[in-house]
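The listed protein sequences correspond, in order, to chains A and B. Here our numbering is used: position 82 in the first sequence is 82, and no number is missing along the way. Here our numbering is used: position 33 in the second sequence is 232, and no number is missing along the way. Backbone N, C-alpha and C fix where the C-beta goes; we use that ideal spot for every residue, glycine too. Keep in mind that this is a model prediction, so the values were computed, not measured. These notes are about the structure you will find just below.
Protein chains: 2
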Amino acid sequence: MKIAVFCSGNGSNFQAIADSVKAGDIKADISVMVCDNPKAFAIERAKKLGIETFVTSLKDHKSRQDFEKAILAELEVRKIELVVLAGFMKVLSADFIAKYKNRIINIHPALLPSFAGTDGIGDAIKYGVKATGVTVHFVDAGVDTGPIILQDAVEVRPDDTHDSLAERIHKIEHQLYPRVVKLFVEGRIKIEGRVVKIT
Amino acid sequence: MKIAVFCSGNGSNFQAIADSVKAGDIKADISVMVCDNPKAFAIERAKKLGIETFVTSLKDHKSRQDFEKAILAELEVRKIELVVLAGFMKVLSADFIAKYKNRIINIHPALLPSFAGTDGIGDAIKYGVKATGVTVHFVDAGVDTGPIILQDAVEVRPDDTHDSLAERIHKIEHQLYPRVVKLFVEGRIKIEGRVVKIT
Numbered sequence: 001m002k003i004a005v006f007c008s009g010n011g012s013n014f015q016a017i018a019d020s021v022k023a024g025d026i027k028a029d030i031s032v033m034v035c036d037n038p039k040a041f042a043i044e045r046a047k048k049l050g051i052e053t054f055v056t057s058l059k060d061h062k063s064r065q066d067f068e069k070a071i072l073a074e075l076e077v078r079k080i081e082l083v084v085l086a087g088f089m090k091v092l093s094a095d096f097i098a099k100y101k102n103r104i105i106n107i108h109p110a111l112l113p114s115f116a117g118t119d120g121i122g123d124a125i126k127y128g129v130k131a132t133g134v135t136v137h138f139v140d141a142g143v144d145t146g147p148i149i150l151q152d153a154v155e156v157r158p159d160d161t162h163d164s165l166a167e168r169i170h171k172i173e174h175q176l177y178p179r180v181v182k183l184f185v186e187g188r189i190k191i192e193g194r195v196v197k198i199t
Numbered sequence: 200m201k202i203a204v205f206c207s208g209n210g211s212n213f214q215a216i217a218d219s220v221k222a223g224d225i226k227a228d229i230s231v232m233v234c235d236n237p238k239a240f241a242i243e244r245a246k247k248l249g250i251e252t253f254v255t256s257l258k259d260h261k262s263r264q265d266f267e268k269a270i271l272a273e274l275e276v277r278k279i280e281l282v283v284l285a286g287f288m289k290v291l292s293a294d295f296i297a298k299y300k301n302r303i304i305n306i307h308p309a310l311l312p313s314f315a316g317t318d319g320i321g322d323a324i325k326y327g328v329k330a331t332g333v334t335v336h337f338v339d340a341g342v343d344t345g346p347i348i349l350q351d352a353v354e355v356r357p358d359d360t361h362d363s364l365a366e367r368i369h370k371i372e373h374q375l376y377p378r379v380v381k382l383f384v385e386g387r388i389k390i391e392g393r394v395v396k397i398t
């Protein structure tokens with residue numbers, strides 16, 4: 001199976017998945033790392049990993065539609081079967097998502113449906129929850145609303161700051177995301193309505 | 200400290216808290232079990248535990264206001280300092296809550312703010328989350344929106360039914376609720392804005 005990983009920044013989840021592929025745990029190829037930010041550290045990681053990159057910014061294009069067209073062309077040429085969003089900071093259009101229906105997955109640093117949106121960690125701290133976590137889900141046309149594949153809880157400690165909580169959440173992400181990619185590649189993820197069954 | 204526990208049904212959380220009091224773990228008295236349902240099994244439990252009951256139905260009164268007045272009078276006579284809602288199926292008015300501000304606690308069978316309302320377990324299953332849990336929180340004028348004291352996560356398993364998940368959630372409730380009552384009685388719960396700090 002051919003995978004594209006989409007990044008905008010650090011790319012630590014990209015790294016975790018690439019490491020699992022290298023270790024032979026995930027039997028698939030990361031054909032390309034798509035990146036909308038030419039300064040992203042994820043590009044350095046791709047070079048070191050020997051993974052090809054496709055770097056294109058929204059501002060290189062006349063419209064968001066053209067930006068997405070360029071990415072879609074790249075995915076089609078490479079016959080990509082799974083799109084893994086790993087800190088990709090652009091929201092994909094409904095048209096893009098429809099083309100890869102149930103083939104785009106995302107990771108979110110909270111237990112969805114709580115704390116959807118751009119600051120899942122900060123919003124959880126502000127609300128005062130004592131348990132938060134990580135969610136991997138299929139991407140649908142909403143923001144963080146798609147069918148949930150796996151979740152793992154993380155305790156919020158009394159002395160937690162944004163940084164200390166983020167550190168524990170990222171550790172869980174780096175375990176959970178490769179597990180989900182592996183399950184997908186092995187064909188073990190079934191969607192029934194909006195409920196995901198792992199077989 | 201004098202505690203009132205409010206029940207409408209089975210009263211298994213009432214039992215768990217009463218057992219912790221009896222074991223000397225919670226150093227307080229359950230002065231009264233308030234019940235709005237004369238057929239509730241919680242009344243049998245109270246009898247066996249030797250705990251006095253105050254049973255009054257909404258339909259025994261001309262209005263909800265009168266119903267609450269009767270309960271408030273009972274609490275005032277007994278100098279109640281903490282109200283523990285344990286499966287009490289009536290929503291208390293803002294006036295009632297204001298009189299016991301930050302002295303009414305509730306337990307909810309989900310990880311709030313996800314799945315507030317009357318069927319936290321069923322709603323979580325329908326949404327397809329893989330992690331849910333239990334929340335103990337202060338009661339404010341909203342439904343399940345008050346400051347969160349403690350939470351504990353529960354995994355949703357692929358073969359879970361409402362019953363099997365409820366059973367694991369109730370087990371967690373019976374541990375978590377006595378822990379929170381003990382913390383409250385010991386004065387170890389502080390509210391800062393909407394965030395609860397355990398000291």
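- For His336(B), the uninterrupted beta strand (DSSP E) run begins and ends at 330-337, by DSSP.
- Looking at the DSSP output, Ile306(B) shares a beta bridge with Val335(B).
- Of the candidates Glu192(A), Thr161(A), Pro109(A), the residue whose Cα lies closest to the Cα of Ile324(B) is Glu192(A).
- Within the segment 121-190 of chain A, the runs of beta strand (DSSP E) at least 3 residues long that lie entirely inside it are, in chain order, 131-138, 148-155.
- Secondary-structure assignment with DSSP links Lys396(B) through a beta bridge to Lys389(B).
- Note: Val254(B) is bridge-paired with Cys234(B) in the DSSP secondary-structure output.
- Take the alpha-carbon of Asn301(B) and the one of Ala245(B): they are about 25 Å apart.
- According to DSSP, residue pairing for Ala203(B) in a beta bridge involves Val231(B), Val282(B).
- In this structure Met288(B) is exposed. Its beta-carbon is surrounded by fewer than 16 other beta-carbon atoms within 10 angstroms.
- The three-state secondary structure of Asp318(B), taken from DSSP, is coil.
- By the Cβ criterion, the segment 48-66 of chain A is not in contact with the segment 202-214 of chain B, since fewer than three pairs of Cβ atoms, one from each stretch, lie closer than 8 Å.
- In the same chain as Ser57(A), and ignoring 5 residues on each side of it, the C-beta atoms closer than 6 Å to its own belong to Asp36, in chain order.
- When the Cα atoms are used, Phe67(A) and Glu173(A) turn out to be separated by approximately 28 Å.
- Measuring C-alpha to C-alpha distances from Val181(A) to each of Gly9(A), Val32(A), Ala131(A), Ala16(A) identifies Ala16(A) as the nearest.
- DSSP places Lys268(B) within a helical segment (H, G or I) once states are collapsed to three.
- Shown here, Ser292(B) sits in coil according to DSSP, grouped into three states, outside any helix or strand.
- Per DSSP, the continuous alpha helix (DSSP H) segment holding Leu49(A) begins and ends at 41-49.
- For the pair Leu82(A) and Val139(A), the CB atoms are not nearer than the 8 Å cut-off.
- Restricting attention to Lys329(B), Phe383(B), Leu364(B), the CA atom closest to the CA of Asp318(B) is found in Leu364(B).
- For Asp318(B), there are no neighbours in chain A by C-beta distance under 9 Å, as the nearest C-beta there is about 15 Å away.
- Of the candidates Arg356(B), Leu349(B), Ile347(B), Arg356(B) places its Cα closest to the Cα of Ala330(B).
- Those residues of the segment 284-313 of chain B placed with their C-beta closer than 8 Å to a C-beta in chain A are Leu310, Leu311, Pro312, Ser313, ordered along the chain.
- The beta carbons of Gly128(A) and Val335(B) sit no closer together than 8 Å.
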